[in-house]
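Residues in the sequence shown are numbered consecutively from -2, following the numbering used here.
Here's the structure we're looking at; comments come further down.
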Amino acid sequence: MSSQNNSGIPLSHVPDGVGYRLMELPPELLEALESSNPPELRLVPSTTSAVLKCGTRSWGLRQKNTSNALILLRPESITPESAQVPESGLKMISTIHDTIELVPEPTDKPVSTVKGKWHERFAKGR
């Protein structure tokens, strides 16, 4: 048996007041951002939500709630009163209950619509 007193990792709750949001990135955007020459990102308003633009691609921002909270931790050095050597610990700085999802926005090109015979007959009778 070990003679050392192991009380675990010290954990403190110290919210830093920053409103964190996590964004789920599509693979193609992540690849572009990690490249040696990352593109410029622009955030523009739209009628339904904000839109993130990167080159010719666009994604709408949607909030997605989660049932499980995500806790952001930051390492911290704690020096207990009874010890002179600092201990490694963790500080809980925020709890996140929702993430931002990027949904591909349609391009500016018109989408071709195919009308079946029913649609043609219906239009003639009007």
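Ideal placement from N, C-alpha and C gives every residue a C-beta, glycine not left out.
Which parts of the region 1 to 88 are runs of the alpha helix (DSSP H), unbroken and 4 residues or longer, counting only runs that do not cross its ends?
-> 24 to 30
Under the three-state DSSP convention, the category residue 102 falls into = Here the question's residue 102 lines up with position 105 in the sequence shown. If DSSP states are grouped into helix, strand and coil, residue 102 belongs with coil.
According to the neighbour-count rule (16 or more other Cβ atoms, all chains shown, within 10 Å of its Cβ), is residue 99 buried or exposed?
-> Within the sequence shown, the letter at position 102 stands for residue 99. Under this definition residue 99 is a buried residue.
Cα-Cα separation, residue 70 to residue 10 = Within the sequence shown, numbered from 1, the residue matching residue 70 stands at position 73. Within the sequence shown, numbered from 1, the residue matching residue 10 stands at position 13. The straight-line gap from Cα to Cα measures roughly 9 Å.
Beta-carbon proximity of residue 73 to residue 88, cut-off 7 Å = Start at 1 with the first residue of the sequence shown, and residue 73 comes out as number 76. Start at 1 with the first residue of the sequence shown, and residue 88 comes out as number 91. Yes, they are a contact pair.
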